[in-house]
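Residue numbers (this note's numbering), protein chains in the order written: chain E, 262 to 430; chain R, 262 to 430; chain P, 262 to 430.
Each residue gets a CB set at the ideal place from its N, CA and C atoms; glycine is no exception.
Note that the coordinates shown come from a computational prediction; the quantities given were computed from them, not determined experimentally.
To keep things clear, I will list the structure first and then write my remarks on it.
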Amino acid sequence: LQDHASHATPAINPKNKTLVVFSGDLDKALAAFIIANGAAAMGSHVTMFFTFWGINILRRNERVSVAKTIVERMFGWMMPRGATRLGLSKMNMAGMGAAMIRGIMRKKNVASLPELIATARQAGVRLVVCSMSMDLMGIQREELIAGIEEGGVATYLDSAEAGSVNLFI
Amino acid sequence: LQDHASHATPAINPKNKTLVVFSGDLDKALAAFIIANGAAAMGSHVTMFFTFWGINILRRNERVSVAKTIVERMFGWMMPRGATRLGLSKMNMAGMGAAMIRGIMRKKNVASLPELIATARQAGVRLVVCSMSMDLMGIQREELIAGIEEGGVATYLDSAEAGSVNLFI
Amino acid sequence: LQDHASHATPAINPKNKTLVVFSGDLDKALAAFIIANGAAAMGSHVTMFFTFWGINILRRNERVSVAKTIVERMFGWMMPRGATRLGLSKMNMAGMGAAMIRGIMRKKNVASLPELIATARQAGVRLVVCSMSMDLMGIQREELIAGIEEGGVATYLDSAEAGSVNLFI
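What follows is the structure in structure tokens.
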């Protein structure tokens, strides 16, 4: 298992970090961005790969008018539109739990998720959205915040192989 | 923390990838197999270690007659029997969400989960099922699709230590 | 991406393992401690970083009288008080599922979660609780089992960068 002479072994650098952000829950998104921003502040190159429910984190808050099938429109309605609308993975209680956490964060002067996303971008964290997930869920580029890279599993794997801190969130 | 002279340091190869598949949700299973198959196609040795709910992904679709305790029988009934019956981790709506996603995937000619599993096997992805989970949930070998390896936490750790892309899904 | 000459590259040792324990579900906590204890038994240095719901795993079972705001008190009530009260991530059925799993584990002489935690401590597994999560959820040190280290994202990242088996559970 250890050695495959037939393939060049890429160099591994622990300062390269790649997070798959599969979840679209507020609590997990916060964890992902806190780790990403902490790592960037400590000199790491961080790639976040948003897939499945995770792409909702990158949606614009405002409704965007794009052509969609009925099923795509339904998915678009049912899924949260952006970082300010995400629920909690536990104790969400129809959004009350998420509102409580947001309130506590404000009171304690902890950066909100939109602020964490802005910091990540300023710090050069690479934000990549999974093309296949967008296609499956009928989310289009115009519906996402600007400046997000698009990529597939190969993009993810190239980034993951270059580092040793790889998480699936 | 960095150095333990008392233990031989195994070589780390980023082309060795090990995924713990803990979840038995359709969406997470799809993510796991898409990563596994992508990696295999790019020359990686991939091990998938199925534990807890993840073992349901490997169950045969058909009912298999085996001796079980009442509790084991209950677990067997309540848990999904195989890749075609898994639900979504979010928006499952009693299976409607999962059916919608399966419909979209068919329409867009995206490989289904059973197809992804077949591809993984052809590509030599190593599929290991956790013995302890099988024991706890009362799932027996005859109930799983053929050709799955059985292993424990040591099997998992040996594989994980040989690589740098380690995910818990 | 591969090389950042400006930062010293820390040595990576696969025998250093770092688990983020984000979840407070019984099944995921069991998985985390089984991996941690298995790794420690095989000569690894293991760090578990408990954040968000994961900090509930470390709460004392008994009520601890501390000064709290009303919101903190509500969170404290709604979240499970310690390892013996956690629910399952799936099929919890108001605690019945968790009770069933605990019953099966007892019957099969599988170590319970409190026993696994005790083993981890004896084996020198480093248990770190996230300061920010404690602050947000209003959980105080007196409410946690004794001897837990407190740390932030930098503590986590230092540990993660030293190894190649990094999981988010």
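Task: The alpha helix (DSSP H) enclosing Leu339 (chain P), as first and last residue numbers - done: The residue asked about is misnamed: residue 339 (chain P) is Met in this sequence, not Leu. Element bounds for Met339 (chain P): 331-339.
TODO: Could you tell me whether the Cβ of Ala415 (chain E) comes closer than 8 Å to any Cβ of chain R?
DONE: yes
Open item on the list: Quick check on Glu410 (chain E) - is its C-beta less than 8 Å from some C-beta in chain B?
Closed with: No chain B appears in the structure shown, which is made up of the protein chains E, R and P.
Task: Closer than 8 Å to chain R by CB, Val282 (chain E) - done: no
- [ ] In the DSSP assignment, find the alpha helix (DSSP H) that holds Thr312 (chain P) and state where it starts and stops.
- [x] No alpha helix (DSSP H) holds Thr312 (chain P); DSSP gives it neither H nor E.
Task: Helix, strand or coil at Phe294 (chain E) [DSSP, three-state] - done: helix
Open item on the list: Below 7 Å on C-beta distance, what does Asp396 (chain R) contact in chain P?
Closed with: Lys369
Task: Those residues which DSSP pairs with Arg387 (chain P) across a bridge - done: P:Thr308
TODO: Enumerate in chain order the residues of its own chain whose CB-to-CB distance from Lys276 (chain R) is below 7 Å, with the five nearest sequence positions on each side excluded.
DONE: Gly304, Ser305, His306
Task: Stretch-stretch touch, CB-based, cutoff 8 Å, three pairs: the segment 383-391 of chain R with the segment 359-369 of chain R - done: no
Task: Residue nearest to Leu374 (chain P) in terms of C-alpha spacing, selected from P:Asp288, P:Phe336, P:Val325 - done: P:Asp288
Open item on the list: Comparing C-alpha positions only, which one of P:Leu418, P:Ala328, P:Val281 sits nearest to Phe313 (chain P)?
Closed with: P:Val281
Open item on the list: Measuring CB atoms only, is the segment 398-410 of chain P touching the segment 316-333 of chain P, in the sense that at least three cross pairs come out at less than 8 Å?
Closed with: yes
Open item on the list: Applying the 10 Å Cβ sphere with the 16-neighbour rule, what's the burial state of Glu422 (chain E)?
Closed with: buried
Task: Neighbour-count burial assignment, Ser350 (chain E), 16 or more Cβ in a 10 Å radius - done: buried
Open item on the list: For Ala266 (chain P), count the other beta carbons within 10 Å of its own beta carbon; 16 or more makes it buried, fewer makes it exposed. Which is it?
Closed with: Its pLDDT being 43, under 50, Ala266 (chain P) is placed unreliably by the model, and the measurement read from it follows with that caveat. Exposed: under 16 other Cβ atoms inside 10 Å.
- [ ] Give the DSSP-derived three-state secondary structure of Ala344 (chain R) in the structure shown.
- [x] coil
TODO: Could you tell me the boundaries of the alpha helix (DSSP H) in which Leu405 (chain E) lies?
DONE: Segment: none, Leu405 (chain E) is in no alpha helix (DSSP H) and carries neither H nor E.
- [ ] Over the uninterrupted beta strand (DSSP E) stretch that includes Lys368 (chain R), give me the two end residues.
- [x] Segment 357-368 is the alpha helix (DSSP H) holding Lys368 (chain R); no beta strand (DSSP E) there.
Open item on the list: Give me the chain E residues within the contact set of Asp286 (chain R), using Cβ-Cβ distance strictly less than 9 Å, ordered along the chain.
Closed with: Within chain E, no residue comes near Asp286 (chain R); the closest Cβ sits about 10 Å away, beyond 9 Å.
Task: Any chain E beta carbon closer than 8 Å to Ala372 (chain R) - done: No, because no Cβ of chain E sits closer than 8 Å to the Cβ of Ala372 (chain R).
Open item on the list: For Met339 (chain E), count the other beta carbons within 10 Å of its own beta carbon; 16 or more makes it buried, fewer makes it exposed. Which is it?
Closed with: exposed
Task: Of the residues E:Ile273, E:Lys278, E:Gly315, E:Gly412, the one placed nearest Met398 (chain E), counting alpha carbons only - done: E:Gly315
TODO: With 8 Å as the threshold, decide whether the Cβ of Phe313 (chain E) is near any Cβ in chain R.
DONE: yes
TODO: Express the C-alpha separation of Gly285 (chain E) and Ala297 (chain P) in angstroms, rounding to a whole number.
DONE: 27 Å
TODO: Would you grab the beta carbon distance between Asn427 (chain E) and Asn427 (chain P) for me? Rounded to a whole angstrom, and I think it's under 8 Å.
DONE: Contact between Asn427 (chain E) and Asn427 (chain P) holds: their C-beta atoms lie close to 6 Å from each other, under 8 Å.
Task: Beta-carbon proximity of Ile378 (chain E) to Ala292 (chain E), cut-off 8 Å - done: no
TODO: Provide the residue span of the beta strand (DSSP E) that contains Leu428 (chain P), from first to last.
DONE: 426-429
Task: Close beta carbons around Arg382 (chain R), own chain, < 8 Å, minus the five adjacent residues each side - done: Leu388, Gly408
TODO: At 7 Å on the CB atoms, spell out the chain R contacts of Ala300 (chain E), in chain order.
DONE: Chain R residues near Ala300 (chain E): none, gap ~16 Å exceeds 7 Å.
Task: CA-to-CA distance, Thr380 (chain E) to Phe294 (chain E), given in whole angstroms - done: Rounded to whole angstroms, Phe294 (chain E) to Thr380 (chain E) spans 9 Å at the Cα level.
- [ ] Can you tell me which of the three DSSP states Val282 (chain P) falls into?
- [x] strand
Task: Residue range of the unbroken alpha helix (DSSP H) whose run includes Ser420 (chain P) - done: 414-422
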